[in-house]
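Per the working numbering, the sequence shown starts with residue 91, numbered consecutively. All C-beta atoms in this analysis are idealised placements derived from N, C-alpha and C, irrespective of residue type, glycine included. Remember, predicted model here, so these are calculated numbers, not experimental data. These notes are about the structure you will find just below.
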Amino acid sequence: MKLLLSGLEHSQVPIALREGLSFPKNRVRELDRALGELPGVSGCVLLSTCNRTELYVTSEEDLDPGRLLCQAAGVPYGPYGAAFATLSGEAAARHLLEVAAGLRSRIWGEDQIISQVKDAITLGREAGAADPLLETLFRCAIAAGKEVRARVRLTQVPVSAASRAVELLRRELGSLGGKRAVVIGNGEMGRLSAALLCQAGCRVTVTLRSYRHGETIVPPGCQVVPYEERFPAMDGADLLVSATASPHYTVTAAQLAALAQPPALVVDLAIPRDVEPGAGELPGVRLYNIDDFGDLDTARQTPPEVEAILQAQMENFTRWLRYRDCLPGVPGLKEALAGRVLALRELGEALDQEELVQLAVGKTVDLLVSGLAGRLRPEDLARCEEKVRRRAAHRPAVGAAVPQGRDRHG
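Quick look at the structure:
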């Protein structure tokens, strides 16, 4: 089984191209289901964030995940053919571990990516598209991301596109104290932006498409208005932040120009973009999008402790792969070993039962070790011995009752 990956990443592909293959969660689930049903596809998981779109596929064939994604999404492949980066095998697995650890984010070490990786495998599972290989790979990647965040401090401050946006606004305005801000969108990014602006001293208004008491979460200190009233709310505001999952513009250049006093600073944190690019050409309006935030320094060195975490999870994944690849040969090996042991019964008259068991086991282990010469490490043998001794210590004595729910071979 082959692991294949095709992806669009912020450092290589401009936002104008990335947004054509950026999808909300419900669309990701639909695409996972459609892709998983294609001939030759054993499993697939689609990861779609503001900064990247990546399709992970398992197959016995040499498929092109990027082409498959474009076909399923109804998007012409032509503009994306040279934009997709394609990896396979261990390189694809290592890439996902680095993504989950925040090492490939525009904002180095950002916090949100690990939840996005979790969402990706969850959506793939719900669509029935995530196979055991992808489940195991994503589990290792999430474990790596969690451990990196628990043990290593990649940055000195909490990092996200929202926090970088607030930093930029503070620099542009000198102070955010008393400024009027409007935030369009009450999803994760919108709520975080609103909360950070409130903490910085802004008077914040958040737009809502609907409100259910006790269900809709609004950051403390924020006012709310219906989404349909966003333009009266932003007329005279100092700054505007838009962060929705809408496939269409929430603000066009013409709508912004029609305001008596449009916000001087507009921040678009959405992919696809919420604010029409032409809005940035209006007099007195400065428009920033998500590509304007973050450190693009690709020459950063991975700290040794992070490298050790990633390497340990890669070993966990490759160990599982080896185990899975060996399973088809296990029945034949069992049969061969049983035949070898039975062949030693002819010595039974000369040996007592204990000596016969020791002889059979000794010759069987010798055959296994010699057959695995060059591929077996001392630590592998030690781990096997430890497991056998642990199982033997907990095995019922001969004639003892076997606990309910387990057979004699469990």
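task = Give a yes or no on whether the C-beta atoms belonging to residue 132 and residue 209 are separated by under 8 Å.
result = Taking the first residue of the sequence shown as 1, we reach residue 132 at position 42. Taking the first residue of the sequence shown as 1, we reach residue 209 at position 119. Contact: no.
query = Under a three-way DSSP split, which group does residue 467 fall into?
reply = Numbered from 1 along the sequence shown, position 377 holds the residue referred to as residue 467. Note: residue 467 maps to coil in three-state DSSP.
ask   = Can you tell which of 91, 231, 309 has the C-alpha that lies nearest to the C-alpha of residue 401?
value = Translated into the one-based positions of the sequence shown, residue 401 becomes position 311. Among 91, 231, 309, the Cα nearest to that of residue 401 is on 231.
key: Straight-line Cα distance separating residue 117 from residue 94   = Locating residue 94 in the sequence shown gives position 4, where the first residue counts as 1. Locating residue 117 in the sequence shown gives position 27, where the first residue counts as 1. Computed Cα separation, rounded: 21 Å.
task = Taking only heavy atoms of the ligand NAD into account, decide whether any of them is closer than 7 Å to the Cβ of residue 186.
result = With respect to small molecules bound, the structure shown includes none, and the ligand NAD cannot be examined in it.
key: Cross-strand partners of residue 146 (DSSP beta bridge)   = In the sequence shown, counting from the first residue as 1, residue 146 sits at position 56. DSSP lists 95, 135 as partners of residue 146.
task = Output yes or no for whether 8 Å exceeds the beta carbon distance between residue 190 and residue 204.
result = Position 100 of the sequence shown, counted from the first residue, corresponds to residue 190. Position 114 of the sequence shown, counted from the first residue, corresponds to residue 204. Yes.
Beta-carbon contacts of residue 173 that lie in its chain and below 8 Å, excluding the five residues immediately before and after = Counting from 1 along the sequence shown, the entry for residue 173 is found at position 83. Contacts found: 98, 102, 103, 107.
key: Within 8 Å, strictly: CB atoms of residue 320 and residue 290   = Here residue 320 corresponds to residue number 230 of the sequence shown, with the count starting at 1. Here residue 290 corresponds to residue number 200 of the sequence shown, with the count starting at 1. Against a cut-off of 8 Å, the Cβ pair of residue 290 and residue 320 comes out as no contact.
key: Buried or exposed (CB count within 10 angstroms, at least 16 for buried), residue 481   = Working through the sequence shown from its first residue, we reach residue 481 at position 391. That one is exposed.
query = Taking contact to mean at least 3 C-beta pairs separated by less than 8 Å, is the stretch 135 to 144 in contact with the stretch 367 to 374?
reply = No, because fewer than three Cβ pairs between the stretch 135 to 144 and the stretch 367 to 374 fall closer than 8 Å, the two stretches do not touch.
task = Check residue 375 in the structure and name its three-state DSSP category.
result = Within the sequence shown, the letter at position 285 stands for residue 375. Residue state, collapsed to three classes: coil.
task = Please report how far the alpha carbon of residue 109 lies from the alpha carbon of residue 186, in whole angstroms.
result = As a position in the sequence shown, residue 109 is number 19, starting the count at 1. As a position in the sequence shown, residue 186 is number 96, starting the count at 1. If I take the Cα positions, the gap works out to 21 Å.
inquiry  = Less than 8 Å between the beta carbons of residue 238 and residue 399, yes or no?
reply    = Translated into positions along the sequence shown, residue 238 becomes position 148. Translated into positions along the sequence shown, residue 399 becomes position 309. Closer than 8 Å, so yes.
query = Going by alpha carbons, who is nearest to residue 351 out of 198, 323, 419?
reply = In the sequence shown, residue 351 corresponds to position 261, counting from 1. The shortest Cα separation from residue 351 among 198, 323, 419 belongs to 323.
task = Enumerate, from N- to C-terminal direction, the unbroken alpha helix (DSSP H) stretches of 4 or more residues contained entirely within the stretch 180 to 217.
result = 203 to 216
Rounded C-alpha distance that separates residue 444 from residue 476 = As a working note, residue 444 is residue 354 in the sequence shown. As a working note, residue 476 is residue 386 in the sequence shown. Each residue's alpha carbon lies about 22 Å from the other.
request  = Identify every run of the beta strand (DSSP E) within the stretch 145 to 175, keeping only runs that are complete inside it and at least 3 residues long; order them along the chain.
outcome  = none
ask   = Looking at residue 283 and residue 333, is the spacing between their C-beta atoms short of 8 Å?
value = Residue 333 sits at position 243 when you count from the first residue of the sequence shown. Residue 283 sits at position 193 when you count from the first residue of the sequence shown. Yes. Within cutoff.
key: Pairwise C-alpha distance: residue 286 and residue 387   = Within the sequence shown, numbered from 1, the residue matching residue 387 stands at position 297. Within the sequence shown, numbered from 1, the residue matching residue 286 stands at position 196. Low local confidence applies: a pLDDT of 42 at residue 387 is under 50, so the model's placement there is unreliable, with the coordinate-based value given in what follows. Between residue 387 and residue 286, the C-alpha separation is close to 25 Å.
ask   = Any idea which residues DSSP pairs residue 381 with across the strands?
value = Counting from one through the sequence shown, the residue named residue 381 turns up at place 291. Its beta-bridge partners do not exist; DSSP assigns none.
request  = Check the C-beta distance from residue 119 over to residue 213 and give it rounded, since I have them as a contact under 8 Å.
outcome  = As a working mapping, residue 119 is identified with position 29 in the sequence shown. As a working mapping, residue 213 is identified with position 123 in the sequence shown. Right, their Cβ atoms sit about 5 Å apart.
query = So, using beta-carbon positions, are residue 111 and residue 159 closer together than 8 Å?
reply = Start at 1 with the first residue of the sequence shown, and residue 111 comes out as number 21. Start at 1 with the first residue of the sequence shown, and residue 159 comes out as number 69. Closer than 8 Å, so yes.
inquiry  = Could you check whether residue 126 and residue 217 sit closer than 8 Å to each other, using their CB atoms as the reference points?
reply    = Counting from 1 along the sequence shown, the entry for residue 217 is found at position 127. Counting from 1 along the sequence shown, the entry for residue 126 is found at position 36. Yes, they are a contact pair.
ask   = Can you pull the DSSP bridge partners for residue 420?
value = Here residue 420 corresponds to residue number 330 of the sequence shown, with the count starting at 1. Beta-bridge pairing links residue 420 to no other residue.
ask   = For residue 460, is the classification buried or exposed, using 16 other Cβ atoms within 10 angstroms of its Cβ as the cut-off for buried?
value = In the sequence shown, counting from the first residue as 1, residue 460 sits at position 370. Classification for residue 460: exposed.
ask   = What did DSSP end up calling residue 64 once you bin it into helix, strand or coil?
value = Nothing in the structure corresponds to residue 64, since the chain is present only between 91 and 500.
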